[in-house]
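Asks: Before we start, here is the structure in question, set down as C-alpha cells.
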Amino acid sequence: MARHPLIGYFVWALLFGALFAWEGLALTYKFADVPTLSATFRVIMRYPFGRWALFALWLWLGWHFFVRGWHFLLRA
Amino acid sequence: MVAGYVLVMGTLAIGLRLARRSARAGAAGTAAVTNPGQPADQTDPAPVSAPVATQVPAAATAPTAANAPAGVPPAREGRRVTARARLRAIAAPEPGWRRFVIHYLGTAVGGYLLLMVVIIGYYFGISPVAGNFVQSAFTGCALLIGLATPVFIALSWLVERKGWRI
Chain G
2 MARHPLIGYF
12 VWALLFGALF
22 AWEGLALTYK
32 FADVPTLSAT
42 FRVIMRYPFG
52 RWALFALWLW
62 LGWHFFVRGW
72 HFLLRA
Chain U
356 MVAGYVLVMG
366 TLAIGLRLAR
376 RSARAGAAGT
386 AAVTNPGQPA
396 DQTDPAPVSA
406 PVATQVPAAA
416 TAPTAANAPA
426 GVPPAREGRR
436 VTARARLRAI
446 AAPEPGWRRF
456 VIHYLGTAVG
466 GYLLLMVVII
476 GYYFGISPVA
486 GNFVQSAFTG
496 CALLIGLATP
506 VFIALSWLVE
516 RKGWRI
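From first to last, the protein sequence lines stand for chains G and U.
When we follow the working numbering, the leftmost residue of the first sequence carries the number 2, and every step to the right adds one.
When we follow the working numbering, the leftmost residue of the second sequence carries the number 356, and every step to the right adds one.
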C-alpha cells in the first residue's frame, strides 16, 4: 500500500467532519431554513440532470469500492 | 481522528436532542390549542412550530393555455398544448410499471453516460490513469447496474404491491 503524508488523511477527515457537522447544524436548526442533506438530495433529484449526476456518483463510488482492484472468487 | 469523531457525534447528539425537544414543545402546544378546557399553567410556553401551509400562486396552478402570450391565436395555442400533453404522456405516462421502467431507464442510462463522459474527459484531458481504466469503467459500471437492477425491481414490487416497509 502506498504511503502518503499524514496531512492528506487529515484533510479528508476534516472534509467529512465538516459534512457531518453541517448536517448536525441543519438538524439542530431545522426551523431556521438550513436544509438537511436529505432535503438537498430531494431538491437535486427533482431534475433529470440531478438524478443522472447522483446516479453517476453512486456508480463511481460502487465501481471504486466493489469492482476496481477486487478479485472475485477469492483469487489471491 | 478520535477528537473529530467525538466532535461530529457530539454535534449530532445535541442537534437530535434539540430537535426532539422542540418537536415535543410543538406537540404540547398543539394539544393545548385543541383542548381548550386544559388549564393554562399546563401549556408549554414555547411557540408552536407547526409548519405553515405554503401559499401556491394562482399563476403556478393555472393551465398552460391560460398563460399563453397575447399574440398567439387560441387554436394554435391549443394545438401546441395538446402536442405538449401528448409528449408528456409518452415521457411520463400514468403511474404504473411503464412509468417506473421509463423513469429507471432514463436515470440509469443518463447517469451511466454522464459518468462515462466524465471518465473519458478525465482520462484524455487531465490525467491518463495506468491500467485498463476506461475499459474497467465501462464494464464495471455496467456490471453494477446489471446487479442492482433486479434487486431494485424486486424491492419496488415488494414495497408497492406487497406493502413491505423498508
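Built from N, CA and C at the ideal position, the CB exists for glycine as well.
Considering only residues of the same chain and omitting the five flanking positions on each side of Val-489/U, which have a CB-CB separation below 7 Å?
Replies: Closer than 7 Å at the Cβ level, and outside the excluded window around Val-489/U, lie Ile-474, Ile-475 and Tyr-478.
Asks: Quick one: is Trp-452/U buried, meaning 16 or more other Cβ sit within 10 Å of its Cβ, or exposed?
Replies: Classification of Trp-452/U: exposed, given that the 10 Å Cβ count is below 16.
Asks: Of all the residues that make up the segment 51 to 66 of chain G, which are near chain U by a beta-carbon distance shorter than 7 Å?
Replies: Listed by position, the residues of the segment 51 to 66 of chain G near chain U (Cβ gap below 7 Å) are Arg-52, Trp-53, Ala-54, Phe-56, Ala-57, Leu-60, Trp-61, Gly-63 and Trp-64.
Asks: Listing by chain order, which chain G residues have their CB less than 8 Å from the CB of Leu-498/U?
Replies: The answer, in chain order, is Val-68.
Asks: Is the shortest distance between the beta-carbon of Pro-49/G and the beta-carbons of chain U less than 8 Å?
Replies: Taking Cβ atoms only, chain U reaches closer than 8 Å to Pro-49/G, which makes this a yes.
Asks: Would you check if the segment 457 to 464 of chain U and the segment 16 to 24 of chain G touch, i.e. whether three or more CB-CB distances between them fall below 8 Å?
Replies: The answer is no - the segment 457 to 464 of chain U does not touch the segment 16 to 24 of chain G, with fewer than three Cβ pairs under 8 Å.
Asks: Could you have a look at Ala-408/U and say whether DSSP puts it in helix, strand or coil?
Replies: For Ala-408/U, the pLDDT reaches just 41, beneath the cut-off of 50, and the residue's location in the model is therefore unreliable, although a value from the coordinates is still provided. In the structure shown, Ala-408/U sits in coil (DSSP, three-state: anything other than H, G, I, E or B).
Asks: Cβ atoms of Gly-495/U and Trp-53/G: under 8 Å apart, would you say?
Replies: Going by C-beta atoms, Trp-53/G is not nearer than 8 Å to Gly-495/U.
Asks: Classify Phe-67/G as buried or exposed, calling it buried when 16 or more other Cβ atoms lie within 10 Å of its own Cβ.
Replies: So Phe-67/G ends up on the exposed side.
Asks: In three-state DSSP terms, what is Thr-37/G?
Replies: Coil, per DSSP.
Asks: Which residues in the same chain have their Cβ closer than 8 Å to the Cβ of Lys-31/G, if we skip the five residues on either side of it in sequence?
Replies: These residues qualify, in order along the chain: Thr-37.
Asks: Using a Cβ cut-off of 8 Å, which residues of the segment 476 to 502 of chain U contact any Cβ in chain G, in chain order?
Replies: So the list reads Ser-491, Ala-492, Gly-495, Cys-496, Leu-498, Leu-499 and Ile-500, given in the order they occur along the chain.
Asks: When the distance is taken between beta carbons, is Ala-463/U closer than 8 Å to Arg-50/G?
Replies: Note on identity: in this sequence residue 50/G is Phe, with Arg being the wrong assignment. Against a cut-off of 8 Å, the Cβ pair of Ala-463/U and Phe-50/G comes out as no contact.
Asks: Can you pull the chain G residues whose beta carbon is under 7 Å from the beta carbon of Leu-510/U, in chain order?
Replies: Ordered by position in chain G, no residue passes the 7 Å Cβ test against Leu-510/U, which lies about 15 Å from the chain.
Asks: What do you get for Tyr-10/G, buried or exposed, if any count of 16 or more other CB atoms within 10 angstroms of its CB means buried?
Replies: Flag for Tyr-10/G reads exposed.
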